[in-house]
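Written below as structure tokens is the structure these notes are about.
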Amino acid sequence: MDTYIKFHLSFHSLPSQIVASFSKESDGYLKYRTNFKPAYKHFLTCVGLESSDFKQDRSPSEFRCNRLFQSLSALYSLNYQEDSKKFLEEIRPLFESAIATEYEFHKNMKAKLQVINSFFANEFEVKKKEFDDLGPVLEKLQANRPAEPEQIQQLDKVMARFTDLQRKLKDMIREGLAAIQAQHLKVIRECTELYQRQNEQWSRTFAPFAKFKPDVTIKPRKDKEKEHEKASKLSVDDKDVRIRTHDYQTTTL
1 MDTYIKFHLS FHSLPSQIVA SFSKESDGYL KYRTNFKPAY KHFLTCVGLE
51 SSDFKQDRSP SEFRCNRLFQ SLSALYSLNY QEDSKKFLEE IRPLFESAIA
101 TEYEFHKNMK AKLQVINSFF ANEFEVKKKE FDDLGPVLEK LQANRPAEPE
151 QIQQLDKVMA RFTDLQRKLK DMIREGLAAI QAQHLKVIRE CTELYQRQNE
201 QWSRTFAPFA KFKPDVTIKP RKDKEKEHEK ASKLSVDDKD VRIRTHDYQT
251 TTL
């Protein structure tokens, strides 16, 4: 049985018809990907995650609580007074607990969000474009009824790729848009709850900070005082100009 006959027994439709049918079938799926992607990226930032977290594990130094503690340690280490040393000793266990909390919730949220990340990482648009482009190519090869071995081999190669892409694309949308959206909404809700629990735990962890009352005196800079005086003077002059202008308008009317 030649390639041309095998093709028709497999598809019963022209490649262009198959492409058009799938485009219609996947339209809602494609629109959802386009509309949901920016919202998903924003959500990641809201719960302390980034797209790069799904490519490689975040190092301990990149967690927010750890960065904050390292900054405080560097700042207070410059001050060799006993009070500074005591302060760092008191806050260290608090930050260790907060860092452990952040790591644990980060790991849990990342695991839950993996399903959405995989949804966007499946290269649907790339595969669909190749599938769309191969349709006319395959249809042209089919119409020419190749007889030469090289031509038949080329047709077999294109047809194999076309059917492989069709299978993969069908698998991506097989679950149905409603089911996919429901799954994503469930994940977003669960991660929001996890993030709220993380913040509640942080609030309890950092509650002892309320006892620290640093004695800080803020003195205005001289240049700021001059700017304030200048602004005040301009304000008075402006008011005077408005009064004189009003008087002029009154007399001329």
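Under UniProt numbering, the residues of the sequence shown are numbered 1 to 253, in order.
Each residue gets a CB set at the ideal place from its N, CA and C atoms; glycine is no exception.
Treat the numbers as computed from the prediction; the structure is a model and nothing was measured.
Where the alpha helix (DSSP H) containing residue i begins and where it ends
{"i": "residue 190", "result": "177-205"}
{"i": "residue 119", "result": "82-120"}
{"i": "residue 41", "result": "27-46"}
{"i": "residue 169", "result": "149-173"}
{"i": "residue 136", "result": "124-143"}
{"i": "residue 69", "result": "64-77"}
Counted within 10 angstroms of its Cβ, other Cβ atoms place residue i as buried (16 or more) or exposed
{"i": "residue 106", "result": "buried"}
{"i": "residue 178", "result": "exposed"}
{"i": "residue 212", "result": "exposed"}
{"i": "residue 34", "result": "exposed"}
{"i": "residue 185", "result": "exposed"}
{"i": "residue 169", "result": "buried"}
{"i": "residue 198", "result": "buried"}
{"i": "residue 142", "result": "buried"}
The ligand ATP heavy atom lying under 6 Å from the CB of residue i
{"i": "residue 13", "result": "Ligands in the displayed structure: none, and consequently the ligand ATP is not present."}
C-beta atoms of residue i and residue j nearer than 7 Å
{"i": "residue 131", "j": "residue 165", "result": "yes"}
{"i": "residue 15", "j": "residue 125", "result": "no"}
{"i": "residue 53", "j": "residue 110", "result": "yes"}
{"i": "residue 201", "j": "residue 45", "result": "no"}
{"i": "residue 26", "j": "residue 173", "result": "yes"}
{"i": "residue 135", "j": "residue 19", "result": "yes"}
{"i": "residue 88", "j": "residue 76", "result": "yes"}
{"i": "residue 112", "j": "residue 190", "result": "yes"}
Closer than 7 Å to chain C by CB, residue i
{"i": "residue 56", "result": "The chain inventory of the structure shown lacks chain C, comprising one protein chain alone."}
Residue i to residue j span [Cα, whole Å]
{"i": "residue 5", "j": "residue 156", "result": "Per-residue confidence for residue 5 stands at a pLDDT of 42, beneath the threshold of 50, marking its modelled position as unreliable; the derived number appears in the next sentence. Approximately 12 Å between the Cα atoms of the pair."}
{"i": "residue 193", "j": "residue 158", "result": "49 Å"}
{"i": "residue 204", "j": "residue 123", "result": "43 Å"}
{"i": "residue 154", "j": "residue 55", "result": "37 Å"}
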